[in-house]
Amino acid sequence: MIRFRFVDERRNTHRVKRMCDVLGWDRSGYYIWHQNKEARQE
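Per the numbering used here, the very first residue in the sequence shown carries number 4; after that it's consecutive.
Structure below.
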């Protein structure tokens with residue numbers, strides 16, 4: 004998902020919680036997407 008990719012690309016400089024709060028996105032959705040992303044890469 005493009006919006007979670009946006010967060011993922013910036014998570015080294017900004018906290019995931021803060022970005023999701025500011026953007027009004029569900030943080031748990033990001034972590035589910037991130038886990039699935041890692042599983043797809045294996």
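Glycine included, C-beta positions come from ideal geometry on N, C-alpha and C.
Return helix, strand or coil for residue 29, following the three-state DSSP convention.
coil
The alpha helix (DSSP H) with residue 13 in it runs from where to where?
5-13
Count the other C-beta atoms from every protein chain shown that fall within 10 angstroms of the C-beta of residue 25, then say buried if there are 16 or more, exposed otherwise.
exposed
So, is residue 34 buried or exposed, given that buried needs 16 or more other C-beta atoms within 10 angstroms?
exposed
Give the straight-line distance between the Cα atoms of residue 10 and residue 31, rounded to the nearest whole angstrom.
13 angstroms
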